[in-house]
Amino acid sequence: MYFGSVRFYKHIILIVLTLVVIFSITSCVFMGISNHHMKKVLKDNGLAVSAGTPAISSDSQAFTDQQRAHYSSSFDYQKLYPNLTIDNDFVYKEDLPKSVYLTFDDGPSSLTPQILDILKEQGVQATFFINYSDSMESQALYKRMMDEGHTIGVHSTCHQYTTIYQSADAFLDDFAQTALMLEQVTGKKPELLRFPGGSINSYDRAVYQQIIAEMLRRGYTYYDWNVSADDATSTVTRDEIYNNVINGVKNTTSPSF
């Protein structure tokens, strides 16, 4: 019986080997024709190809050079503002049970003096993330914050997300203006920052890794938040702000910011 016999399988193996050889020869011929055609096209366009060198090698080298130039320039922002660094002696302490850290963004505002009065009356220190303002009134508030034991951090200069998060360079330009102003007014470099919109948001998705890494490299510490008063709108009521904070703290197991 032929099917299933040793002779049948020998014939199958021979047929497969023959097909492999034919395919290999056809592929070599096709590649040779393609390579010859490519060389002819390059020659017709005034581009020389060295003997024994694959035609694609020149393009590969050019691409490598482009990559090298790109990566060399992509970290140029690290050279910006060389003095915009701190020797970070920031110490993380063990959080006490039921800890709440009060933080205020976007100030100073017309309500900041009242907030400072209440905090002083209650014996509470807070952290203020500042938007740029160098008026005499604002400068007096910064000094008062420091004198009364509060912490000052950088929030933003323009607070325009589309401007700040164009690139790492753009972020540093914005950050530097407020950081240097605060240092000049208070005599102390701010060590903390809060990214406008949070460290990861819909505007900085393309650059947040670069920006965060760069600010950490320069010694800064950043904080987001896990409880919000939602008081950014003018229509929110006092009771709504209170309930937002109290309910948020109750539902948070980690320290609240």
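Each residue of the sequence shown is one higher than the last, beginning at 3 in my numbering.
Idealized CB from N, CA, C, for every residue including glycine.
{"Asked": "For Asn-246, write down the residues that DSSP places opposite it in a beta bridge.", "Found": "DSSP, once it has assigned bridges, lists no residue as partnering Asn-246."}
{"Asked": "Check whether the Cβ atoms of Val-102 and Ser-258 sit closer than 7 Å, and answer yes or no.", "Found": "yes"}
{"Asked": "Could you tell me which residues DSSP puts in a beta bridge with Tyr-205?", "Found": "According to DSSP, Tyr-205 bridges with nothing at all."}
{"Asked": "Determine the DSSP secondary structure at Ile-88, reduced to helix, strand or coil.", "Found": "coil"}
{"Asked": "Under DSSP, the beta strand (DSSP E) around Val-156 begins and ends at which residues?", "Found": "153-158"}
{"Asked": "Name the residue from Phe-131, Leu-86 and Lys-100 whose alpha carbon lies nearest to the alpha carbon of Ile-248.", "Found": "Lys-100"}
{"Asked": "Quick one: is Glu-139 buried, meaning 16 or more other Cβ sit within 10 Å of its Cβ, or exposed?", "Found": "exposed"}
{"Asked": "With a 10 Å radius around its C-beta and 16 neighbouring C-beta atoms as the bar for buried, classify Asp-176 as buried or exposed.", "Found": "buried"}
{"Asked": "Since I believe Leu-104 is in contact with Glu-150 (beta carbons under 8 Å), could you give me their beta-carbon distance rounded to a whole number of angstroms?", "Found": "Not confirmed; about 13 Å, so no contact."}
{"Asked": "So if DSSP puts Phe-106 in a beta bridge, which residue, or which two residues, is it bridged to?", "Found": "Phe-130"}
{"Asked": "Going straight from the alpha carbon of Ser-236 to that of Asp-107, what length do you get?", "Found": "15 Å"}
{"Asked": "Would you mind giving the Cβ-Cβ distance between Thr-180 and Thr-159, rounded to the nearest angstrom? I have them listed as a contact below 8 Å.", "Found": "5 Å"}
{"Asked": "Could you spell out where the alpha helix (DSSP H) holding Val-187 opens and where it closes?", "Found": "170-188"}
{"Asked": "Got a sec? Which residues, its chain only, sit under 6 Å from Leu-143 by beta carbon, not counting five neighbours each side?", "Found": "Pro-110 and Thr-114"}
{"Asked": "Using three-state DSSP, classify Val-163 as helix, strand or coil.", "Found": "According to the sequence shown, residue 163 is Tyr rather than Val. Three-state result, Tyr-163: helix."}
{"Asked": "Could you compute how far the alpha carbon of Asn-133 sits from the alpha carbon of Pro-198?", "Found": "10 Å"}
{"Asked": "Classify Ser-258 as helix, strand or coil using the three-state DSSP reduction.", "Found": "strand"}
{"Asked": "Note down, in chain order, each residue of its chain lying with its Cβ closer than 7 Å to the Cβ of Ser-201, except the 5 sequence neighbours on either side.", "Found": "Tyr-210, Ile-214, Tyr-224 and Asp-226"}
{"Asked": "Of the residues Gln-127, Lys-81, His-161 and Ser-137, which one's Cα is nearest the Cα of Met-147?", "Found": "Gln-127"}
{"Asked": "Let me confirm a value: Ala-208 is counted as buried when at least 16 other C-beta atoms fall within 10 Å, else exposed. Which label applies?", "Found": "exposed"}
{"Asked": "Answer with buried or exposed for Ile-154, where buried requires no fewer than 16 other C-beta atoms within 10 angstroms of its C-beta.", "Found": "buried"}
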